[in-house]
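Report on the following structure.
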Amino acid sequence: MSAGFPDFRLGSVLATSFTATLTERRGEALERIPTPQRLVDWLAVSGLAVDSCTGAQLELARELRESIHAAATAAAIHAAPPASAVRIINDRSIQGRAAAVLTPEGTREWRLSSPDCVEDALGVIAADAIGVISGERDGKLALCASPTCQAAFFDTSQSRTRKWCDMGTCGNRQKKARFNANQRKDPG
Ligand SMILES: [Zn+2]
1 MSAGFPDFRL GSVLATSFTA TLTERRGEAL ERIPTPQRLV DWLAVSGLAV
51 DSCTGAQLEL ARELRESIHA AATAAAIHAA PPASAVRIIN DRSIQGRAAA
101 VLTPEGTREW RLSSPDCVED ALGVIAADAI GVISGERDGK LALCASPTCQ
151 AAFFDTSQSR TRKWCDMGTC GNRQKKARFN ANQRKDPG
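1 is the number of the first residue of the sequence shown in full-length UniProt numbering; add one for each residue after it.
Here's what the structure looks like:
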C-alpha cells in the first residue's frame, strides 16, 4: 500500500508525529501524506483508523498540521502562538467527537463517531497538540537543530537536551556532515 510513497516518521507523541508528515520544511520539503489514502494509512498506524478520506478532509488535515507546527514552533521559542493557528486547532478540537475507551486489556483506544469521520481523528490530534503546546504534558517543545528541518519536537528525555527531531534521520545526517568536514580539514 505504501509502494512509491515516502515512509512515515512515527514518534511517541501523536501531535508531533503528525507534523512530521511534512519534513524538511526549510529545505526540500517532503510531503508524506500526498494523497487521501496516505492519510488513511497514517491514521491507521496512529491508532485512529478510518475507512476513507476525501480530498477536502486531507486539506483540513494539512491545515491543522501546519497550524500545530506554527503553534508548537512559537511555544518552543517562548512566543505566543499565531492567532490563526490557535483558531484552527481549537475548531478541530471542538468539532471532533471521538471518545476514549478502555479496552479489556486496560489500554486506551479511540472510538470515532463513524468510520469515515476523519474530523473525529483530527479532533484527537488537535487535543493532543493542545496538551503538548500548553505545557501540561511532561516534556519540552524544542526545534530540530538541522537547519533544513527545524521541526518542532517534544523532548521527553530526562535532561531535556535532545537536539534533533529524529536521531536516525536529522541527527545522523548532521553527524555525518560534521565527520566529513573534519575529514577535509585533515592535512594531506
Ligand atoms: Zn529534524
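Glycine included, C-beta positions come from ideal geometry on N, C-alpha and C.
How big is the Cα-Cα spacing for P81 and F153?
As a first step, residue 81 is located in the sequence shown; it is residue number 81 there, counting from the start. As a first step, residue 153 is located in the sequence shown; it is residue number 153 there, counting from the start. So the two alpha carbons sit approximately 16 angstroms from each other.
Test item: CB-CB of A129 and I33 under 8 angstroms:
Along the sequence shown, read from residue 1 onward, the residue named residue 129 stands at position 129. Along the sequence shown, read from residue 1 onward, the residue named residue 33 stands at position 33. For A129 and I33, no; Cβs fall outside 8 angstroms.
C-beta atoms of E63 and I88 nearer than 8 angstroms:
Numbered from 1 along the sequence shown, position 63 holds the residue referred to as residue 63. Numbered from 1 along the sequence shown, position 88 holds the residue referred to as residue 88. In contact: E63 and I88 (Cβ atoms closer than 8 angstroms).
Quick one: is V101 buried, meaning 16 or more other Cβ sit within 10 Å of its Cβ, or exposed?
For the purposes of this step, residue 101 is taken as the residue at position 101 of the sequence shown. Counting the other CB atoms within 10 Å of its CB gives V101 a total below 16, which places it among the exposed residues.
Inter-residue Cα distance where the pair is E31 and M167:
Residue 31 sits at position 31 when you count from the first residue of the sequence shown. Residue 167 sits at position 167 when you count from the first residue of the sequence shown. Their Cα atoms are separated by approximately 20 angstroms.
Apart from the five residues on each side of it in sequence, which residues of its chain come closer than 7 angstroms, Cβ to Cβ, to G139?
Here residue 139 refers to the residue found at position 139 of the sequence shown. F154, D155, T156, listed in sequence order.
Indicate, with yes or no, if ligand 3 has a heavy atom lying under 7 angstroms from the CB of C165.
In the structure on display, ligand 3 does not appear, and the ligands it does have are ligand 1.
One question on the structure: do S46 and D116 come within less than 8 angstroms of each other, judged by their Cβ atoms?
Position 46 of the sequence shown, counted from the start, is the residue given in the question as residue 46. Position 116 of the sequence shown, counted from the start, is the residue given in the question as residue 116. Not a contact, by the Cβ cut-off of 8 angstroms.
Could you check if F18 is buried or exposed, using at least 16 other CB atoms within 10 Å of its CB as the buried criterion?
Taking the sequence shown and counting its residues from 1, the one referred to as residue 18 is at position 18. The C-beta of F18 has 16 or more other C-beta atoms within 10 Å across all chains shown, which makes the residue buried.
Sub-8 angstroms separation of A121 and A145 beta-carbons
Taking the sequence shown and counting its residues from 1, one reaches residue 121 at position 121. Taking the sequence shown and counting its residues from 1, one reaches residue 145 at position 145. Against a cut-off of 8 angstroms, the Cβ pair of A145 and A121 comes out as no contact.
According to DSSP, residues forming a beta bridge with W110
Along the sequence shown, read from residue 1 onward, the residue named residue 110 stands at position 110. Residue pairing of W110 in beta bridges, as defined by DSSP: A100.
Could you tell me which residues DSSP pairs with A142 in its beta bridges?
Residue 142 sits at position 142 when you count from the first residue of the sequence shown. Answer by DSSP bridge pairing, in chain order: F153.
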